[in-house]
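A short worksheet on the structure shown next.
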Amino acid sequence: MILDANRLFAGHYIESDSYVTKRPQGRDDWLLIFTLEGAGFVNYHGAEHVCKKGVLLLLAPGTPQHYGTLTNHTWHFVWAHFPHTLSETNLLPQEDQIFLTIENESLQERIYSAFARILADSRERGEYWFELCCSSLREILLIMAQKYIRKMDPRIEEVLHLLSGQMREQIRLEDLAQTVGLSPSRLSHLFKESTGYSIIDTLNRMRIQQAVMMLAHTGRSASEVCYDVGFQNYNHFTNQFRKWQGMTPSMFMKRPR
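Position 25 of the sequence shown, counting from 1, maps to 60 under my numbering, and the rest follow consecutively.
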């Protein structure tokens with residue numbers, strides 16, 4: 036574990052176009068780079084790929100490395116070298132270089148937050164710092180794997196994020212549409228096409244899924260849970276529960292556990 040810990044280090048750079056790194060033999064660890072602003076580049080098999088805001092670049096151990104700041108630009112990015120022992124890398128395509136653009140701003144913020152924790156924990160070197168850094172790295176790698184499995188319009192990803200974060204609030208289609216820059220009718224069509232469900236069905240399904248967990252594990256009554264998850268009417272809650280679970284809340288609570 037000491038050897039692995041010594042292979043985990045990270046940084047936060049803002050570099051002019053004089054910045055370049057060349058490692059013809061690569062390294063024996065993984066390198067993850069996330070662009071925050073500006074533009075960088077990476078050369079791979081003779082082709083140059085531009086790293087703009089939201090781009091995640093993952094280089095496998097032994098991959099030749101040639102990257103730097105794009106001419107006439109400044110490159111603002113965070114990076115981390117980490118050991119090959121993280122099994123989550125197996126969830127990604129088995130390629131020497133993975134170049135993934137994260138267009139969703141909420142997801143960009145989540146990835147940067149994970150990097151910020153890696154930077155803080157690796158510098159402070161407190162108790163379990165290595166395990167904490169690995170946990171944050173796993174979060175980023177799992178997000179990358181999820182993006183490869185589920186190809187979705189970033190505007191729909193943003194709406195899903197908003198629905199999950201504001202589940203207890205009254206949500207208006209017009210407000211969602213304005214947030215992601217679409218008309219209400221276009222958003223409704225694109226959302227249904229992407230997820231298979233309408234926006235309201237998706238919201239109610241989220242609420243019922245949360246209600247199921249609360250009824251099973253918190254000891255709260257069905258009427259309390261109804262309002263906890265965002266329903267304002269108990270009869271509506273019961274109807275939606277039956278729709279998504281095939282039974283009423285009271286029937287669910289009477290089931291043997």
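Ideal Cβ positions, reconstructed from N, Cα and C, are used throughout, including at glycine.
Only a predicted model underlies this, so the values are computations on that prediction, with no experimental measurement involved.
Margin query: What does the alpha-carbon distance come out to for the pair Ala257 and Ser229?
Written below: 32 Å
Margin query: Can you tell me whether Arg269 is helix, strand or coil according to DSSP?
Written below: The question names Arg, but residue 269 in the sequence shown is Tyr. The answer is helix: DSSP assigns Tyr269 an H, G or I state.
Note to self: Between which two residues does the alpha helix (DSSP H) holding Gly200 run?
What the structure shows: Pro189 to Gly200
Check: Taking contact to mean at least 3 C-beta pairs separated by less than 8 Å, is the region 69-79 in contact with the region 87-94?
Finding: yes
Next item on the list: Would you please state the rounded distance, in angstroms, between the beta carbons of Gly103 and Thr56? I believe it to be under 8 Å.
Entry: 6 Å
Item checked: Cβ pair Leu225, Ile191 closer than 8 Å -> Yes; because the gap between Cβ atoms is below 8 Å, this pair is in contact.
Check: What did DSSP end up calling Thr70 once you bin it into helix, strand or coil?
Finding: strand
Next item on the list: Can you give me the Cβ contacts of Leu167 inside the same chain, cut-off strictly under 6 Å, excluding the 5 residues immediately before and after it?
Entry: Asp156
Item checked: Three-state secondary structure (DSSP) of Arg240 -> DSSP places Arg240 within a helical segment (H, G or I) once states are collapsed to three.
Item checked: Any 3 or more C-beta pairs closer than 8 Å across the region 39-53 and the region 108-122 -> Touching, per the Cβ criterion.
Checklist line | Three-way DSSP call (helix, strand, coil) for Ile133 in this model | finding: strand
Check: Whose C-alpha, out of Arg242, Met241 and Ser223, is nearest the C-alpha of Ser233?
Finding: For Ser233, the nearest C-alpha among the options comes from Ser223.
Note to self: Residues in the same chain with beta-carbon distance under 8 Å from Phe76, minus the five sequence neighbours each way, listed in chain order, please.
What the structure shows: Glu83, His84, Val85, Cys86, Tyr102, Gly103, Thr104 and Leu105
Check: Measuring CB to CB, does Leu296 end up less than 8 Å from Leu66?
Finding: The question about residue 296 has no answer here: the residues shown for the chain are numbered 36 through 292.
Margin query: Under 8 Å, with one C-beta from each stretch per pair, do the region 266-278 and the region 243-252 reach the 3-pair mark?
Written below: yes
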